[in-house]
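Positions in the sequence shown are counted from 1; adding 12 to them yields our numbering. C-beta atoms are modelled at their ideal positions from N, C-alpha and C, and glycine is treated no differently. The model shown is predicted, which means the values in this text are computed figures rather than measured ones.
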Amino acid sequence: MHAYPSGGGVLQHGLAEAQARQAVTVAAWLRYPTELDTQLMDLTGPGGSARLDRVTGAEADEGAWAPEPHAWRTWVDEVVASWAACLLGTPALVTAALTALAGSTRAAGETVGFRRLSHPNQNDRQAAALLRHPDLLAPVAELHRAQLEDLLESSVPSSS
13 MHAYPSGGGV LQHGLAEAQA RQAVTVAAWL RYPTELDTQL MDLTGPGGSA
63 RLDRVTGAEA DEGAWAPEPH AWRTWVDEVV ASWAACLLGT PALVTAALTA
113 LAGSTRAAGE TVGFRRLSHP NQNDRQAAAL LRHPDLLAPV AELHRAQLED
163 LLESSVPSSS
């Protein structure tokens with residue numbers, strides 16, 4: 013959210029954050045489809061933000077990242093971040109991802125809607141113009157786009 017701020021105001025910030033959260037939720041559910049997957053990730057850890065920092069240029073500020081206030085950076089899952097970036101920048105992938113999750117154990121019983129991600133209105137688009145900009149998302153999205161596309165291709169039934 014800090015890298016791609018909204019246009020301003022509390023409402024726009026909230027709308028952009030909602031879209032980012034929805035993208036991360038969908039990406040995490042795809043990456044960790046069962047409770048056991050999530051527990052194993054909790055046990056082993058996701059890997060951290062080091063490569064994302066390099067790709068986005070945040071590594072240049074390395075001296076500013078003192079360990080204690082930024083300990084959360086060790087719990088960043090690069091694949092989930094990349095997949096979320098793909099979802100924010102590619103509406104067709106959102107449709108495929110939601111179709112893939114429709115019958116999953118992750119989505120079972122959930123009443124969570126992903127409308128802001130899948131069908132953003134004008135206010136959503138204005139609030140997240142930078143957050144959804146394909147050129148800005150590309151460095152992160154391209155890290156694991158092929159893996160996401162392969163997963164979605166194999167999990168979404170063909171229409172033929």
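>> Please state the DSSP three-state secondary structure of E29.
In response: Numbered from 1 along the sequence shown, position 17 holds the residue referred to as residue 29. E29: helix per DSSP, three-state reduction.
> Three-state secondary structure (DSSP) at N133?
Replying inline: What you label residue 133 is simply residue 121 of the sequence shown in a count that begins at 1. If DSSP states are grouped into helix, strand and coil, N133 belongs with coil.
> How would you call A28, buried or exposed, if buried means at least 16 neighbouring beta carbons within 10 angstroms?
Replying inline: By one-based count along the sequence shown, residue 28 stands at place 16. Per the 10 Å Cβ criterion, buried.
>> Using C-beta distances below 7 Å, list every residue in its chain close to A93, excluding the 5 sequence neighbours before and after it, in chain order.
In response: Looking up residue 93 in the sequence shown gives position 81. Excluding sequence neighbours, A93 sits near L64, V152.
>> Quick check on this structure: which residue in A32, L42, L55 has the alpha carbon closest to the alpha carbon of H156?
In response: Reading the sequence shown from its first residue, position 144 is the one you call residue 156. Nearest of A32, L42, L55 to H156, Cα basis: L42.
> What do you reckon, are the CB atoms on A112 and S167 nearer than 8 Å?
Replying inline: In the sequence shown, residue 112 corresponds to position 100, counting from 1. In the sequence shown, residue 167 corresponds to position 155, counting from 1. In contact: A112 and S167 (Cβ atoms closer than 8 Å).
>> Can you find the residues in the same chain that come closer than 8 Å, C-beta to C-beta, to L163, ignoring five residues on each side of it along the sequence?
In response: Reading the sequence shown from its first residue, position 151 is the one you call residue 163. Excluding sequence neighbours, L163 sits near L42, A112.
>> Taking 8 Å as the threshold (C-beta atoms), are W95 and L160 in contact?
In response: Translated into the one-based positions of the sequence shown, residue 160 becomes position 148. Translated into the one-based positions of the sequence shown, residue 95 becomes position 83. Taking 8 Å as the Cβ cut-off, L160 and W95 qualify as a contacting pair.
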